[in-house]
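What follows is a single structure, written as C-alpha coordinates, with notes after it.
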Amino acid sequence: MRIIAGQYRSRQLCTPQGKSTRPTLDKVREAVFTMLMAYLMEANFLDLYAGSGANGLEALSRGAKRAVFVDQSIKAKQAIISNIKNLELTEKTQVLTCSVKKAINELLHEKFDLVYIDPPYKVQENENIVRLLITKNLINDQALIVIEADKNDIYPLKIGYMKLIKKKVYGISQILFYQKESI
41 MRIIAGQYRS
51 RQLCTPQGKS
61 TRPTLDKVRE
71 AVFTMLMAYL
81 MEANFLDLYA
91 GSGANGLEAL
101 SRGAKRAVFV
111 DQSIKAKQAI
121 ISNIKNLELT
131 EKTQVLTCSV
141 KKAINELLHE
151 KFDLVYIDPP
161 YKVQENENIV
171 RLLITKNLIN
181 DQALIVIEAD
191 KNDIYPLKIG
201 YMKLIKKKVY
211 GISQILFYQK
221 ESI
(Lines of atoms letter the chains of each structure in order from A and count residues from 1; the text may use other names and numbers.)
(Lines give C-alpha, C1' and ligand atoms only; values in the text may rest on other atoms or scores of the structure.)
Protein backbone atom coordinates (compact mmCIF):
# COMPACT_ATOMS: atom_id res chain seq x y z
CA MET A 1 0.00 0.00 0.00
CA ARG A 2 1.23 3.48 -0.85
CA ILE A 3 0.34 7.16 -1.00
CA ILE A 4 -1.10 7.78 -4.47
CA ALA A 5 -0.43 11.49 -5.11
CA GLY A 6 0.72 14.75 -3.63
CA GLN A 7 3.71 15.64 -1.49
CA TYR A 8 4.26 12.04 -0.27
CA ARG A 9 3.45 10.33 -3.58
CA SER A 10 4.66 6.71 -3.86
CA ARG A 11 5.71 6.49 -0.20
CA GLN A 12 4.99 3.02 1.13
CA LEU A 13 2.65 2.50 4.09
CA CYS A 14 2.63 -0.32 6.57
CA THR A 15 -0.68 -2.04 7.27
CA PRO A 16 -2.01 -3.66 10.44
CA GLN A 17 -1.15 -7.31 10.83
CA GLY A 18 -4.03 -9.79 10.50
CA LYS A 19 -7.33 -9.77 8.66
CA SER A 20 -9.27 -7.30 10.80
CA THR A 21 -8.86 -4.45 8.29
CA ARG A 22 -9.84 -4.22 4.64
CA PRO A 23 -7.60 -1.66 2.92
CA THR A 24 -9.16 0.51 0.23
CA LEU A 25 -7.67 -0.49 -3.11
CA ASP A 26 -5.20 2.01 -4.57
CA LYS A 27 -7.31 2.53 -7.71
CA VAL A 28 -10.42 3.24 -5.63
CA ARG A 29 -8.54 5.64 -3.32
CA GLU A 30 -7.05 7.38 -6.36
CA ALA A 31 -10.49 7.87 -7.96
CA VAL A 32 -12.10 9.05 -4.72
CA PHE A 33 -9.34 11.49 -3.82
CA THR A 34 -9.30 12.90 -7.34
CA MET A 35 -13.00 13.75 -6.82
CA LEU A 36 -12.17 15.26 -3.41
CA MET A 37 -9.40 17.60 -4.59
CA ALA A 38 -11.56 20.74 -4.33
CA TYR A 39 -12.30 19.91 -0.66
CA LEU A 40 -8.80 18.94 0.49
CA MET A 41 -6.83 22.18 0.57
CA GLU A 42 -6.38 23.19 4.22
CA ALA A 43 -9.08 20.70 5.26
CA ASN A 44 -9.53 19.30 8.73
CA PHE A 45 -9.92 15.56 7.90
CA LEU A 46 -11.52 12.88 10.09
CA ASP A 47 -10.59 9.29 9.20
CA LEU A 48 -13.04 6.91 10.95
CA TYR A 49 -12.17 3.19 11.11
CA ALA A 50 -8.75 4.32 9.91
CA GLY A 51 -6.95 0.94 9.57
CA SER A 52 -3.48 1.89 8.28
CA GLY A 53 -4.42 5.57 8.10
CA ALA A 54 -4.04 5.57 4.31
CA ASN A 55 -7.06 7.80 3.68
CA GLY A 56 -6.05 10.49 6.16
CA LEU A 57 -2.43 10.34 5.02
CA GLU A 58 -3.54 10.64 1.39
CA ALA A 59 -5.54 13.72 2.39
CA LEU A 60 -2.48 15.25 4.10
CA SER A 61 -0.31 14.47 1.09
CA ARG A 62 -2.80 16.33 -1.12
CA GLY A 63 -3.05 19.46 1.00
CA ALA A 64 -5.20 18.83 4.08
CA LYS A 65 -3.89 20.76 7.08
CA ARG A 66 -4.73 18.18 9.76
CA ALA A 67 -6.01 14.61 10.12
CA VAL A 68 -7.56 12.78 13.05
CA PHE A 69 -7.42 8.98 12.87
CA VAL A 70 -9.85 6.78 14.80
CA ASP A 71 -9.59 3.00 15.13
CA GLN A 72 -10.16 0.81 18.15
CA SER A 73 -7.57 -1.78 17.08
CA ILE A 74 -4.16 -1.63 18.78
CA LYS A 75 -2.60 -3.11 15.63
CA ALA A 76 -4.18 -0.37 13.53
CA LYS A 77 -2.91 2.27 15.97
CA GLN A 78 0.63 0.87 15.69
CA ALA A 79 0.47 0.96 11.87
CA ILE A 80 -0.96 4.49 11.82
CA ILE A 81 1.67 5.83 14.23
CA SER A 82 4.45 4.13 12.27
CA ASN A 83 3.17 5.67 9.02
CA ILE A 84 2.83 9.11 10.61
CA LYS A 85 6.40 8.96 11.96
CA ASN A 86 7.80 7.73 8.63
CA LEU A 87 6.16 10.67 6.85
CA GLU A 88 7.13 13.11 9.65
CA LEU A 89 3.52 14.24 10.13
CA THR A 90 3.25 14.04 13.92
CA GLU A 91 2.38 17.74 14.30
CA LYS A 92 -0.51 17.50 11.81
CA THR A 93 -2.15 14.40 13.25
CA GLN A 94 -4.00 12.93 16.19
CA VAL A 95 -4.66 9.22 16.75
CA LEU A 96 -7.52 7.98 18.93
CA THR A 97 -7.67 4.31 19.88
CA CYS A 98 -11.30 3.81 20.81
CA SER A 99 -14.70 3.21 19.30
CA VAL A 100 -15.93 5.74 16.76
CA LYS A 101 -18.80 6.76 19.05
CA LYS A 102 -16.42 7.42 21.95
CA ALA A 103 -14.09 9.37 19.66
CA ILE A 104 -16.94 11.58 18.47
CA ASN A 105 -17.70 12.43 22.09
CA GLU A 106 -14.02 13.26 22.68
CA LEU A 107 -13.82 15.55 19.63
CA LEU A 108 -16.58 17.97 20.64
CA HIS A 109 -14.22 20.96 20.30
CA GLU A 110 -13.45 20.07 16.65
CA LYS A 111 -15.04 20.93 13.29
CA PHE A 112 -14.27 18.82 10.24
CA ASP A 113 -14.35 19.69 6.55
CA LEU A 114 -14.05 16.10 5.35
CA VAL A 115 -15.07 12.88 7.08
CA TYR A 116 -14.19 9.47 5.62
CA ILE A 117 -16.16 6.54 7.06
CA ASP A 118 -14.81 3.12 6.07
CA PRO A 119 -15.79 0.44 8.60
CA PRO A 120 -15.46 -3.29 8.08
CA TYR A 121 -18.41 -4.19 5.85
CA LYS A 122 -19.89 -6.39 8.59
CA VAL A 123 -19.93 -3.49 11.08
CA GLN A 124 -22.01 -0.91 9.25
CA GLU A 125 -23.39 1.83 11.49
CA ASN A 126 -22.78 4.54 8.92
CA GLU A 127 -26.18 6.22 9.07
CA ASN A 128 -26.00 6.39 12.87
CA ILE A 129 -22.46 7.76 12.73
CA VAL A 130 -23.50 10.52 10.29
CA ARG A 131 -26.42 11.42 12.56
CA LEU A 132 -24.08 11.52 15.56
CA LEU A 133 -21.64 13.81 13.69
CA ILE A 134 -24.57 16.14 12.95
CA THR A 135 -25.99 16.00 16.49
CA LYS A 136 -22.59 16.70 18.06
CA ASN A 137 -22.00 19.55 15.58
CA LEU A 138 -18.63 18.20 14.39
CA ILE A 139 -18.97 19.11 10.72
CA ASN A 140 -18.65 22.49 9.02
CA ASP A 141 -21.47 23.84 6.85
CA GLN A 142 -19.67 22.94 3.62
CA ALA A 143 -18.36 19.60 4.92
CA LEU A 144 -18.39 16.47 2.85
CA ILE A 145 -18.93 13.02 4.34
CA VAL A 146 -17.65 10.06 2.32
CA ILE A 147 -18.87 6.55 3.12
CA GLU A 148 -17.25 3.41 1.74
CA ALA A 149 -19.63 0.45 1.93
CA ASP A 150 -20.57 -2.84 0.32
CA LYS A 151 -22.05 -2.18 -3.13
CA ASN A 152 -25.25 -4.02 -2.18
CA ASP A 153 -26.00 -1.88 0.88
CA ILE A 154 -28.86 0.57 0.47
CA TYR A 155 -28.50 4.14 1.71
CA PRO A 156 -31.09 6.91 1.93
CA LEU A 157 -31.01 10.07 -0.17
CA LYS A 158 -30.79 12.06 3.07
CA ILE A 159 -29.29 11.41 6.48
CA GLY A 160 -30.38 14.25 8.73
CA TYR A 161 -29.59 17.40 6.76
CA MET A 162 -26.90 15.64 4.71
CA LYS A 163 -27.97 14.87 1.14
CA LEU A 164 -26.51 12.17 -1.10
CA ILE A 165 -24.84 14.13 -3.90
CA LYS A 166 -22.88 11.38 -5.64
CA LYS A 167 -22.52 7.59 -5.63
CA LYS A 168 -19.85 5.55 -7.40
CA VAL A 169 -19.44 1.76 -7.54
CA TYR A 170 -15.99 0.14 -7.73
CA GLY A 171 -15.99 -3.67 -7.74
CA ILE A 172 -17.53 -4.83 -4.44
CA SER A 173 -17.53 -1.31 -2.97
CA GLN A 174 -19.68 1.76 -3.30
CA ILE A 175 -18.55 5.24 -2.38
CA LEU A 176 -21.26 7.65 -1.24
CA PHE A 177 -20.80 11.41 -0.92
CA TYR A 178 -23.07 13.37 1.43
CA GLN A 179 -23.17 17.15 1.82
CA LYS A 180 -25.42 19.57 3.65
CA GLU A 181 -28.56 20.21 1.66
CA SER A 182 -28.88 23.77 0.36
CA ILE A 183 -31.88 25.62 1.73
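Here the sequence shown stands for residues 41 to 223, numbered as in this note's numbering. Backbone N, C-alpha and C define an ideal beta-carbon position, used for all residues, glycine too. In this text the structure is predicted, and so the values were computed from the model without any measurement.
Own chain, CB closer than 6 Å to residue i, minus 5 neighbours either side, in chain order
i: Ala71; result: none
i: Leu154; result: Tyr79, Ala83, Phe85 and Leu184
i: Leu88; result: Val110, Val140 and Ile157
i: Glu221; result: Tyr201 and Lys203
i: Pro159; result: Tyr89
Length of the line joining the Cα atoms of residue i and residue j
i: Ser60; j: Asn180; result: Because the pLDDT at Ser60 is just 49, under 50, the model does not fix this residue reliably, and the point stays unresolved.
i: Ile120; j: Leu127; result: 11 Å
Beta-carbon spacing of residue i, residue j below 7 Å
i: Leu129; j: Leu100; result: yes
i: Gly103; j: Leu80; result: yes
i: Val110; j: Val68; result: no
i: Leu216; j: Asn123; result: no
i: Pro56; j: Lys115; result: yes
i: Gly91; j: Ala107; result: no
Close Cβ partners of residue i (< 8 Å) along its chain, the five nearest in sequence each way excluded
i: Gln219; result: Gln182, Ala183, Leu184, Ile185, Met202, Lys203 and Ile205
Any chain B beta carbon closer than 7 Å to residue i
i: Gln164; result: The displayed structure is made up of one protein chain only, and chain B is not part of it.
Nonlocal neighbours in the same chain, by C-beta distance under 7 Å from residue i, ignoring five residues either side
i: Ile44; result: Asp66, Arg69, Glu70, Phe73 and Glu98
For residue j and residue i, believed in contact at Cβ under 8 Å, the rounded distance
i: Ala189; j: Asn166; result: 6 Å
i: Leu178; j: Lys151; result: 7 Å
(request) Run through the stretch 106-138 for me and flag every whole beta strand (DSSP E) of 3 or more residues, listed as ranges in chain order. (result) Secondary structure within the stretch 106-138: the beta strand (DSSP E) runs of 3 or more consecutive residues, fully enclosed, are 106-110 and 133-136 (chain order).
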